[in-house]
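Below is one structure, written out as structure tokens, with a few remarks after it.
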Amino acid sequence: MSITEKQNKNFNYVDWIRKAIENNFITYYDYNEFKNKKIIENSVGKIFKANWNNTNTNLVVKTSYELDVKKIVNELKAQKEVNFHKNILQIYGISKLDNQYSLLLEYADGGSLYSYLKKSFTKLEWDDKYCLASQLANAIDFIHSKGIIHCNLHEENVLIHKNSIKVADFGLSKRANEISNYSNKVLDFLPYLDPKSFNDAFDIKCESEPHIMNFKSDIYSIGVLFWLLSSGRRPFYDEGTQYDKSLATEIVNGKREEIVEDTPVEYSDIYTACWSDDPDERPSIQIVVSCLKSIIDYSIKFITNEIENNDLKYMRDDYDLSIYDNFSKIMIDDNSSLNTFDYNS
């Protein structure tokens, strides 16, 4: 695309923002309304933590170094549709900094999921991990119900606020019938990407035709995020080591992370199904939600029974759900869909 063509496209997106403000689709705030601005990220753009004047309300002011404002418009459109789910980062409106539009977003006090796990992983019990996984699945279920595919789920776009999941960054999201390509920064979060897209991103011939991102692409990402919750560490490479095309080739050829020791099979069966190479063998998000609910319901039922029986030796600090023979089993059937079976009475 020529510079002139890009400028024309940017003008169209800027015009969309102007009309959205005029029609009260989004709220515009003067940048001077914010104080105590502190840069918390400065890679692809400036991200400030700030608060409104005369209030204790924290927020994030997010700008981009990229001249293309399409991503900002895309994020505004998508987030306005899903802005009222408790596990999706809220958008407050828009402002302008240095003649560039900035998004005003809810502040997540726990940072990214990855940074949260680095600090808190040893304190988390399996019921905590199940709860976080369930919150993530429910957020994606809501997004998919609106016909939106996130397309960019990874360890830095899933945030934590007050110990709960907040899904963020809808800049690359798309409608189910739209064609979307990954950005050129995909290597940073390679393990979370649907391998079927690698033909487009890395010129690895894994598909005869270009792959169109779909709901099952998000499911693959969820599988890796669920593994992250079970491990507390970065997939494949140690921190500080750059992901590369050779890893992409290995993933296309079937390489996946190893199941962490002592992971309940009921949980690992979910995420290994999610990261299946064949998208048709990946469960729908509704099935993932249902399976996690079964696990959590059993956990609650077990604890309640222990309390009622005055036998607390397997309480929170000690029990492992996988040791119980009558625990609901999750398995892959001949059609590769996840199923839960009723608990034994």
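Counting from 1, position 295 in the sequence shown corresponds to residue 276 in this note's numbering; the numbering is continuous, with no gaps.
We put the beta carbon where it would ideally sit given N, CA and C, even for glycine.
In this text, all values refer to a predicted model and were calculated from it rather than measured experimentally.
- Message: Less than 6 Å between C-beta atoms, sequence neighbours within five positions excluded: which residues of the same chain meet that for Ile21?
- Response: Hits under 6 Å: Ile28, Lys30.
- Task: Please work out which residues of its chain come closer than 6 Å, Cβ to Cβ, to Ser212, disregarding the five sequence neighbours upstream and downstream, and give them in chain order.
- Result: So the list reads Val241, once near-sequence residues are dropped.
- Query: Based on the DSSP output, what are the partners of Phe151 in its beta bridges?
  - Reply: DSSP output for Phe151 lists no bridge partner at all.
- Message: For Tyr300 and Phe102, what's the separation of their Cα atoms in angstroms?
- Response: Unreliable positioning characterises Tyr300 in this predicted model, as indicated by a pLDDT of 49, which lies under 50. A coordinate reading is not provided.
- Message: Under 8 Å, with one C-beta from each stretch per pair, do the stretch 244 to 256 and the stretch 200 to 216 reach the 3-pair mark?
- Response: yes
- Task: State the CB to CB distance for the pair Val42 and Ser83, rounded to an integer number of angstroms; the pair is presumed to be in contact (CB under 8 Å).
- Result: The beta carbons of Val42 and Ser83 sit about 5 Å from each other, so the pair counts as a contact at 8 Å.
- Item | Under the three-state DSSP convention, the category Gly91 falls into | coil
- Let me know the secondary structure DSSP gives Asn55 once reduced to three states. helix
- Candidates Arg215, Leu117, Tyr111, Tyr224: which alpha carbon is nearest Ile276's? Nearest in C-alpha terms to Ile276, of all of Arg215, Leu117, Tyr111, Tyr224, is Tyr111.
- Cβ-based neighbour list, Lys143, same chain, cut-off 8 Å, excluding 5 preceding and 5 following: Asp90, Gly91
- Task: Using DSSP bridges, identify the partner residues of Leu134.
- Result: Answer is none; Leu134 lacks a bridge partner.
- So Ile69 and Leu85 are in contact, right, with Cβ under 8 Å, and what is the actual spacing, rounded? No, Ile69 and Leu85 are not in contact; Cβ-Cβ is about 15 Å, not under 8 Å.
- My understanding is that Val269 touches Ile251, with C-beta atoms under 8 Å, so please give their C-beta distance in whole angstroms. 6 Å
- Got a sec, what are the start and stop residues for the alpha helix (DSSP H) Leu113 sits in? 107 to 126
- Distance CB(Ile146)-CB(Leu117) smaller than 8 Å: yes
- Message: Just to confirm, is the Cβ distance from Leu209 to Ile141 under 8 Å?
- Response: Result no, Cβ atoms of Leu209 and Ile141 do not sit closer than 8 Å.
- Query: Ile232 to Arg(-1), Cα distance in whole Å?
  - Reply: Our two residues, Ile232 and Arg(-1), have alpha carbons roughly 44 Å apart in a direct line.
- Quick one: give me the first and last residue of the alpha helix (DSSP H) that Val139 is part of. Note, Val139: premise wrong, no alpha helix (DSSP H); beta strand (DSSP E) at 139 to 142.
- Task: May I have the straight-line CA-CA distance separating Tyr173 from Phe217, to the nearest angstrom?
- Result: 11 Å
- Task: Taking 8 Å as the cut-off, decide whether the C-beta atoms of Phe151 and Ala59 are in contact.
- Result: Yes. Within cutoff.
- Message: Here's a check: name, in chain order, each residue in its chain whose Cβ is nearer than 6 Å to the Cβ of Phe170, leaving out the five neighbours to either side.
- Response: Result list for Phe170: His135, in chain order.
- Message: Could you tell me the alpha carbon to alpha carbon distance between Asp79 and Tyr12, rounded to whole angstroms?
- Response: 10 Å
- Query: Taking C-beta to C-beta, are Arg263 and Lys197 nearer than 8 Å?
  - Reply: yes
- Item | Ile266 and Ile129 closer than 8 Å at C-beta | no
- Item | Cβ neighbours of Val54 in the same chain (closer than 6 Å, five flanking residues each side left out) | Only Tyr(-6), Trp(-3) meet the Cβ criterion.
- Task: Drop a sphere of 10 angstroms on the beta-carbon of Ile75, count the other beta-carbons inside from all chains shown, and report buried for 16 or more, exposed for fewer.
- Result: buried
- Reference Val63; option with closest CA among Lys19, Ser154, Met194: Ser154
- Buried versus exposed call for Arg335 [16 or more other C-beta atoms within 10 Å across all chains shown]: Because the chain in this structure spans residues -18 to 326, residue 335 falls outside the shown range and cannot be described.
- Message: Check for me: the beta strand (DSSP E) holding Ile28 runs from which residue to which?
- Response: It spans 27 to 33 - the beta strand (DSSP E) in which Ile28 sits, taken as one unbroken run.
- Message: Between which residues of its own chain and Ser115 is the CB-CB distance below 8 Å, once the five residues before and five after are set aside?
- Response: Val270, Leu273, Lys274, Ile277
- At which residues does the alpha helix (DSSP H) containing Ser212 begin and terminate? 196 to 212
- Task: Consult DSSP for Ser303 and reduce its assignment to one of helix, strand or coil.
- Result: Confidence at Ser303 is low in this model, with a pLDDT of 43, below 50, so its placement is unreliable and the value that follows should be read with caution. Under the three-state reduction of DSSP, Ser303 is assigned to helix.
- Grab me the residues of Lys77's own chain with a C-beta within less than 7 Å of its C-beta, minus the 5 sequence neighbours each way, in chain order. Tyr12, Ser83
- Message: In whole angstroms, give me the CA-to-CA distance for Lys67 and Asn17.
- Response: Taking the CA atoms as reference points, Lys67 sits about 26 Å from Asn17.
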